[in-house]
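J.:
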Amino acid sequence: MLKPPSLRTNNGALHVRVRIDGSDAFIYLLGRWGDSLAMARAQAIISQIWRDHQQGKFEHSLMAYQPIAGGKEVVLLEALWARAESKRQADAIHACRLLQRYGQPQNFALADL
Numbered sequence: 012m013l014k015p016p017s018l019r020t021n022n023g024a025l026h027v028r029v030r031i032d033g034s035d036a037f038i039y040l041l042g043r044w045g046d047s048l049a050m051a052r053a054q055a056i057i058s059q060i061w062r063d064h065q066q067g068k069f070e071h072s073l074m075a076y077q078p079i080a081g082g083k084e085v086v087l088l089e090a091l092w093a094r095a096e097s098k099r100q101a102d103a104i105h106a107c108r109l110l111q112r113y114g115q116p117q118n119f120a121l122a123d124l
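To convert, note that position 53 of the sequence shown is 64 in the numbering used here; the numbers rise steadily by one, no gaps.
#1: Comparing C-alpha positions only, which one of Arg43, Ser72, His71, Ala103 sits nearest to Leu25?
#2: Once you ignore the five residues that flank Glu96 on each side, which residues in its own chain have a CB closer than 6 Å to its CB?
#3: Going by DSSP, name the residue or residues bridged to His26.
#4: How would you call Gln77, buried or exposed, if buried means at least 16 neighbouring beta carbons within 10 angstroms?
#5: Quick one, are the C-beta atoms of Leu18 and Val27 less than 8 Å apart?
#6: Within this structure, are the beta carbons of Leu41 and Ala51 separated by less than 8 Å?
#7: Determine the direct distance from the alpha carbon of Tyr39 to that of Met74, and round the result to whole angstroms.
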């Protein structure tokens, strides 16, 4: 990474673009471009990414910087796992496996499903 990440907009949606080893990676679902709170949150993510890169602790998968990993959505993920375990519905189990495959936080073992 030669320079800090930057803010981008796509049809009014706010994204953070990170250039890693010659390719672009994006962090989505940050809010709307005109929302000052979303812009401040995105700037904080940019600062954290750049600081981690300078300190040698940068995570190339960007999962540590995703808003879902640090916010209230983690409770939603835990609820999805609980639903998959109790109801054993195919759509809930598929969603849980998809989240695990893409590295989202989870606390339940798939062997129990």
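Glycine included, each C-beta is placed from N, C-alpha and C at the ideal position.
T.: Judging by the given coordinates:
#1: With distances taken between Cα atoms, Leu25 lies closest to Arg43.
#2: Contacts found: none.
#3: Checking the DSSP bridge columns, you'll see His26 partnered with Arg19.
#4: Counting Cβ neighbours within 10 Å, Gln77 comes out buried, since at least 16 surround it.
#5: Result yes, Cβ atoms of Leu18 and Val27 sit closer than 8 Å.
#6: Contact flag unset, no.
#7: So the two alpha carbons sit approximately 11 Å from each other.
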